[in-house]
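The structure under discussion appears below in the form of structure tokens.
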Amino acid sequence: MNERSLTDGTAWKRDVSDLRQFGYCLDNIIPGTSLIEHAGRGAFASRDLEQDSIIAPVPLLSLSRSSLEILKERQDGTVEKDTQLLLNYCYGHANSSTLLFPYSNGVNMVNHHSAKANVKLRWLEGSELIPHSLNA
Numbered sequence: 002m003n004e005r006s007l008t009d010g011t012a013w014k015r016d017v018s019d020l021r022q023f024g025y026c027l028d029n030i031i032p033g034t035s036l037i038e039h040a041g042r043g044a045f046a047s048r049d050l051e052q053d054s055i056i057a058p059v060p061l062l063s064l065s066r067s068s069l070e071i072l073k074e075r076q077d078g079t080v081e082k083d084t085q086l087l088l089n090y091c092y093g094h095a096n097s098s099t100l101l102f103p104y105s106n107g108v109n110m111v112n113h114h115s116a117k118a119n120v121k122l123r124w125l126e127g128s129e130l131i132p133h134s135l136n137a
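Per my numbering: the sequence shown = residues 2 to 137.
Following this line, the structure appears as structure tokens:
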């Protein structure tokens, strides 16, 4: 890779070989409305994909579950504890204080039938980007 400083006013330039080695296609999924009644919107394959292929890279933002808690004051003066809507788009275990929020093109629209899943999330094998605390 051609390393450049962001402070010297020049843009980073990468060779096509970098794209071949590290790049992932971002147009394998498109947002759309499901044909299943009451299913709403979701991510859909834009082409036929091979089994176990990478549909989209999914960078994750690690959040504290407590950071999504909000307090609402009711008209009668009492305070009610609630959570931000963002929680609906995070992955995490009910007993964990850590949540993972996916932020990439269309991946936050990936839904599936709980008994007939056709997509899975997985760590990128051999990735140096996996935080050591999550790779244990």
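No residue lacks a Cβ here, since even glycine has one placed at the ideal position from N, Cα and C.
Assign ARG75 to one of three DSSP states: helix, strand, or coil.
-> coil
Please list, in chain order, all residues of the same chain as GLY43 whose beta carbon is under 6 Å from its beta carbon, the five residues on each side excluded.
-> SER35, MET110, ASN112
Please state whether DSSP places VAL17 in a helix, a strand or coil.
-> helix
State the CB to CB distance for the pair ILE71 and GLN52, rounded to an integer number of angstroms; the pair is presumed to be in contact (CB under 8 Å).
-> Rounded, the Cβ-Cβ distance is 41 Å, inconsistent with contact.
Where does LEU86 fall in DSSP's three states?
-> helix
May I ask you to report which of helix, strand or coil DSSP gives SER68?
-> helix
Provide the residue span of the beta strand (DSSP E) that contains ARG42, from first to last.
-> 42 to 46
If you drop the 5 nearest sequence neighbours on each side, which residues of the same chain put their C-beta closer than 6 Å to that of TYR92?
-> LEU101
When the Cα atoms are used, what is the spatial distance from ASN119 to GLN76?
-> 46 Å
Counting only runs of 3+ residues fully inside the segment 97 to 124, write out the beta strand (DSSP E) ranges in chain order.
-> 99 to 103
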